[in-house]
Amino acid sequence: MSESDCPSIEVRIERLPEARDLDLPTYATEGSSGLDLFAAVDADLTINPGERKLTPTGIRIAVPPGYEAQIRPRSGLALKHGISMVNTPGTIDSDYRGPVQVIVINQGSQPYTIRRGDRIAQMVICPVVRARLVECDDLPETARGDGGFGHTGFRG
Numbered sequence: 002m003s004e005s006d007c008p009s010i011e012v013r014i015e016r017l018p019e020a021r022d023l024d025l026p027t028y029a030t031e032g033s034s035g036l037d038l039f040a041a042v043d044a045d046l047t048i049n050p051g052e053r054k055l056t057p058t059g060i061r062i063a064v065p066p067g068y069e070a071q072i073r074p075r076s077g078l079a080l081k082h083g084i085s086m087v088n089t090p091g092t093i094d095s096d097y098r099g100p101v102q103v104i105v106i107n108q109g110s111q112p113y114t115i116r117r118g119d120r121i122a123q124m125v126i127c128p129v130v131r132a133r134l135v136e137c138d139d140l141p142e143t144a145r146g147d148g149g150f151g152h153t154g155f156r157g
């Protein structure tokens with residue numbers, strides 16, 4: 002499927018003054034689901050093992066009603082360096098207009114340094130369904146019932 006085959010929506014974006022020299026979020030490949038977000042740090046930002054830091058991206062966005070922007074970790078950073086996000090995915094609601102920032106955590110064993118312009122996360126635009134909660138006295142039964150937390154077993 003090519004990019005022109007995918008449904009699309011318009012998302013307005015503002016590049017903040019501190020990010021005028023940085024690229025806007027981009028899809029790395031034609032099949033990418035997420036837009037790469039870039040670090041808009043003024044100076045190198047070192048995150049020690051177990052530490053978390055709020056990392057600016059230098060943008061603000063206007064997500065259309067009926068959608069959200071999900072901010073997700075980058076798998077390469079997670080695998081190679083143990084870099085992830087504390088709240089993943091982070092959600093940007095359609096009525097939020099503040100700067101997009103990423104809470105980065107170092108779950109690795111070595112300090113990790115974020116440099117200006119580094120790809121630090123990805124942003125996926127997703128539709129949202131609003132639930133109408135209906136209070137009741139009991140729920141319909143299922144074969145699974147209330148089993149959870151590994152109740153289906155493990156390989157082996």
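In this note's numbering, the protein residues as written are 2 to 157.
All C-beta atoms, glycine included, are put in the ideal place defined by N, C-alpha and C.
Please read these numbers as outputs of a predicted model, since none were measured by experiment.
Closer than 7 Å by C-beta to D37: which residues in its own chain qualify, once you throw out the five before and the five after it? Chain order, please. Here residue 37 is taken as the residue at index 36 of the sequence shown, counted from 1. P26, T27, A29, R120 and Q123, listed in sequence order.
Near L17, what residues of its chain come up, given a Cβ to Cβ distance below 6 Å and the 5 sequence neighbours on each side ignored? Your numbering for residue 17 matches position 16 in the sequence shown. Excluding positions up to five away in sequence, the list reads G59.
Check whether V64 and M86 have beta carbons under 8 Å apart
Indexing the sequence shown from 1 puts residue 64 at position 63. Indexing the sequence shown from 1 puts residue 86 at position 85. The criterion of a C-beta distance shorter than 8 Å is not satisfied by V64 and M86.
*asked:* Beta-carbon within less than 6 Å of A70's beta-carbon, same chain only, minus the 5 sequence neighbours each way: which residues are those?
replied: Sequence index remark: in the sequence shown, residue 70 carries index 69 (1-based). Excluding residues within five positions, the ones whose Cβ falls inside 6 Å are V64, I93, M124 and I126.
Three-way DSSP call (helix, strand, coil) for D6 in this model
Taking the first residue of the sequence shown as position 1, residue 6 is located at position 5. If DSSP states are grouped into helix, strand and coil, D6 belongs with the helices.
Check your understanding: Taking Cβ to Cβ, would you say I62 is nearer than 8 Å to V12?
Key -> Taking the sequence shown and counting its residues from 1, one reaches residue 62 at position 61. Taking the sequence shown and counting its residues from 1, one reaches residue 12 at position 11. Yes. Within cutoff.
Sequence ranges, beta strand (DSSP E) only - wholly within the segment 63 to 130, length at least 3
68 to 73, 84 to 86, 91 to 93, 100 to 107, 113 to 115 and 120 to 128
For E52, which of I10, Y113 and V129 has the nearest alpha-carbon?
Numbered from 1 along the sequence shown, position 51 holds the residue referred to as residue 52. Residue Y113 is the option with its Cα nearest to E52.
Q) Going by other Cβ atoms of all chains shown within 10 Å of its Cβ, with 16 needed for buried, is G151 buried or exposed? A) Your numbering for residue 151 matches position 150 in the sequence shown. Exposed, because fewer than 16 other Cβ atoms sit within 10 Å of the Cβ of G151.
Below 8 Å CB to CB, which residues in the same chain sit around N107 once its five sequence neighbours on both sides are set aside?
Position 106 of the sequence shown, counted from the first residue, corresponds to residue 107. Excluding positions up to five away in sequence, the list reads I48, N49, P50, G51, E52, R53, H82, G83, I84 and Y113.
Can you grab the Cα-Cα spacing for the pair P57 / S34, in whole Å?
The residue labelled residue 57 in the question sits at position 56 within the sequence shown. The residue labelled residue 34 in the question sits at position 33 within the sequence shown. Computed Cα separation, rounded: 21 Å.
**Study point:** Burial state of R75, where buried means 16 or more other Cβ atoms lie within 10 Å
**Key:** The count along the sequence shown starts at 1 and reaches residue 75 at position 74. Taking all protein chains in view, the Cβ of R75 is crowded by 16 or more other Cβ atoms within 10 Å, so the residue is classified as buried.
* Asked: Run through DSSP, which three-state label would P141 get?
  -> In the sequence shown, residue 141 corresponds to position 140, counting from 1. In the structure shown, P141 sits in coil (DSSP, three-state: anything other than H, G, I, E or B).
(request) Could you tell me the boundaries of the beta strand (DSSP E) in which D37 lies? (result) Counting from one through the sequence shown, the residue named residue 37 turns up at place 36. Note, D37: beta strand (DSSP E), L36 to F39.
- List the whole-angstrom C-beta distance separating I10 from Y68, where the pair is believed to meet the contact cut-off of C-beta under 8 Å. Within the sequence shown, the letter at position 9 stands for residue 10. Within the sequence shown, the letter at position 67 stands for residue 68. The pair is a contact, with the Cβ atoms about 7 Å apart (cut-off 8 Å).
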